[in-house]
Amino acid sequence: MSPACRAFRARFFPEASDAQWSDWRWQIRHRIRTFEEVRRMVQLTTEEEKALELGGKMLPLAVTPHYMALVSPTDPDQAIRRSMIPTVYELRRCPGEADDPLGEEHQSPIPGLVHRYPDRVLLLATDFCSAYCRYCTRSRVVGHGALTPSTRRLEMVFDYIRRNPAVRDVLVSGGDPLTLSDERLEYILANLRAIPHVEVIRLGTKIPAVLPQRITPQLVRMLRKYHPLWMSLHFTHPDECCLETARACALLADAGIPLGSQTVLLKGMNDSAEVMRRLVHSLMRMRVKPYYLYQCDPISGSEHFRTAVSKGVDVIRGLRGHTSGYAVPTYVIDAPGGGGKIPVSPDYVAGRDAEGNLRLTNYEGGSFQYPDYVTG
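Residue numbering for the sequence shown follows the numbering used here, beginning at 957 and increasing consecutively.
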């Protein structure tokens, strides 16, 4: 057990045995969810106190004991604390923000199924998460109990996919699909794998960061039956990459599941090249490929989380050439209105010279020429 978790358990859950703390169901049952619990564990600011008092008007609060152990009790600017503890700024709606900025509701032929791209769909298995990120792009849906993994709804989803042979890739997300029982998750995976034209199944989850106890040998044995199976993991900051999380990622990687990380660029939390380098290096050590760096979606109440796009470009520029290419994610904006992911990157092409050679700028600012023409 990591030192932070051991100290937190001793202080706030002294009655919990090693077996209980390591049980993911115990972790979910003992999530921190109320003003009184948070106030006992954290020195709250005025902005946090007021938000917790008004909690019914916003995305629910829920933090697993494991993840709460990583929250700073004294620093309100700590990245993990800001991602979990609400502030009154969530109640402020700014120009350009929307409850459904990506237009998912308009691209959902069936409740909980988003069909945006021709060859792949997003299946929202549940609206439940073990911990709720304050910048969640689906805060309009998650945590309210309206989207359940009912057999009736899921059978409609499977039938839709069967009737659309162009769909070759299914991303199962939510909420968090790994909060389902092994049996319920296998029901979904088995039905998808039985559809001949579904080539790839992906699982989108933050579980290894917020509830690594969920990654059990039993779960991994079940998942291995449904290859090719990929996982998109959500990491925000290097402080998340603790002993328990590294162990969870090792179990998944040893099972032959390719792991990729999707990180949201967040103001004052990970929007510097130095912090992002520490994060991607931590991920690489855990055999997680940094996959996407997302510009924060303009959901209602997210202005205090969003950076300028130029900041994201600077972060990528600070990674390219300063670390291995495997460690550099693709920076994307998920276009409002349902336009999909659009990559944004530094411009390393400076133009052409009089002879037609391509003029290039490298990571150090040096100028180079490439003979960009073909003869014969």
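Quick reminder that beta carbons are idealized off the backbone N, C-alpha and C, glycines included. Here the structure is a predicted model, which means the values were calculated and not measured.
Quick one: Cα of TYR1287 to Cα of LEU1179, how far?
-> 29 Å
Can you tell which of ARG1262, ALA1204, GLY1216 and ARG1203 has the C-alpha that lies nearest to the C-alpha of ASN1226?
-> Looking at the Cα atoms, ARG1262 is the closest of the given residues.
Among GLU1053, GLY1052 and HIS1071, the one whose alpha carbon lies nearest that of GLU1061 | HIS1071
From TRP982, ARG989, TYR1247 and ILE1289, pick the residue whose C-alpha is nearest to that of TYR1282; which is it?
-> TYR1247
First and last residue of the uninterrupted alpha helix (DSSP H) at GLN1174 | 1173-1179
Are the CB atoms of LEU1103 and ASP1125 nearer to each other than 8 Å?
-> no
Distance CB(HIS1278)-CB(ARG1315) smaller than 8 Å = In this structure, HIS1278 keeps its C-beta atom at 8 Å or more from the C-beta atom of ARG1315.
Can you tell me the Cα-Cα spacing of ARG1094 and LEU1167, whole angstroms?
-> When rounded, the separation of the alpha-carbon atoms in ARG1094 and LEU1167 is 20 Å.
Under 8 Å, do THR1201 and ALA1165 count as touching if we go by C-beta distance?
-> yes
Do LEU1333 and ILE1157 have their CB atoms nearer than 8 Å?
-> For the chain, the structure presents residues 957 to 1332; residue 1333 sits outside this window and is missing.
C-alpha gap between ASP1115 and GLU992, whole angstroms = Spanning the two alpha carbons is a distance of roughly 46 Å.
Since PRO1327 and ASN1313 are thought to touch, with beta carbons under 8 Å apart, how far apart are those beta carbons, to the nearest angstrom?
-> 6 Å
State the Cα-Cα distance for the pair SER1266 and CYS1092, rounded to the nearest angstrom.
-> 22 Å
Excluding sequence positions up to five away, which residues of its chain have a Cβ less than 7 Å from the Cβ of CYS1050?
-> GLU1259
Mark ASP1303 as exposed unless 16 or more other C-beta atoms lie within 10 angstroms of its C-beta, in which case mark it buried.
-> ASP1303 comes out exposed.
Start and end residues, alpha helix (DSSP H) containing LYS1245 = It is not in any alpha helix (DSSP H) - LYS1245 instead sits in the beta strand (DSSP E) that spans 1245-1251.
Are the beta-carbon atoms belonging to LEU1058 and SER1129 less than 8 Å from one another?
-> no
Going by the CB atoms, is the gap between LEU1026 and ARG989 shorter than 8 Å?
-> no
VAL994 versus GLY1321: straight-line alpha-carbon distance, rounded = 48 Å
Are HIS1190 and GLN1169 touching if we call contact CB-CB under 8 Å?
-> no
What residue does the alpha helix (DSSP H) around SER1266 start on, and which one ends it?
-> Residues 1265-1275.
Secondary structure of HIS1022, DSSP reduced to three states = helix
What does DSSP give as the partner residues of ASP1290 in its beta bridges?
-> LYS1297
The beta strand (DSSP E) enclosing SER1188, as first and last residue numbers = 1185-1190
Identify every residue that forms a DSSP beta bridge with GLY1160.
-> Answer is SER1188, bridged to GLY1160.
Endpoints, beta strand (DSSP E) assigned at SER931 | Because residue 931 is not part of the residues shown, which for the chain are 957 to 1332, the question remains open.
Are SER1301 and VAL1269 close, meaning C-beta to C-beta below 8 Å?
-> yes
Nearest to ASP1132 by alpha carbon, out of PRO1105, TYR1143 and GLY1160?
-> A check of alpha carbon separations from ASP1132 across PRO1105, TYR1143 and GLY1160 identifies GLY1160 as the nearest.
For the candidate residues GLN1034, SER1039, TYR1045 and VAL1019, whose alpha-carbon lies nearest to that of GLU1003?
-> TYR1045
Sequence-distant residues of its chain with Cβ nearer than 7 Å to GLN1063 (five each side left out) | VAL1070, HIS1071, ARG1072 and GLY1294
Residue from ARG1119, ARG1118, LEU1175 and PRO1121 with nearest C-alpha to ARG1140 | Sorting ARG1119, ARG1118, LEU1175 and PRO1121 by C-alpha distance to the C-alpha of ARG1140 places LEU1175 at the top.
Contact belief for VAL1113 with GLY1068 at Cβ below 8 Å, rounded distance in angstroms | 7 Å
Given a threshold of 16 other Cβ atoms within 10 Å of its Cβ, counted over all protein chains shown, does HIS1100 qualify as buried or as exposed?
-> exposed
SER1323 in three-state terms, based on DSSP | strand
Going by alpha carbons, who is nearest to ILE1117 out of ASP1138, TYR1143, ILE1066 and THR1135?
-> ILE1066
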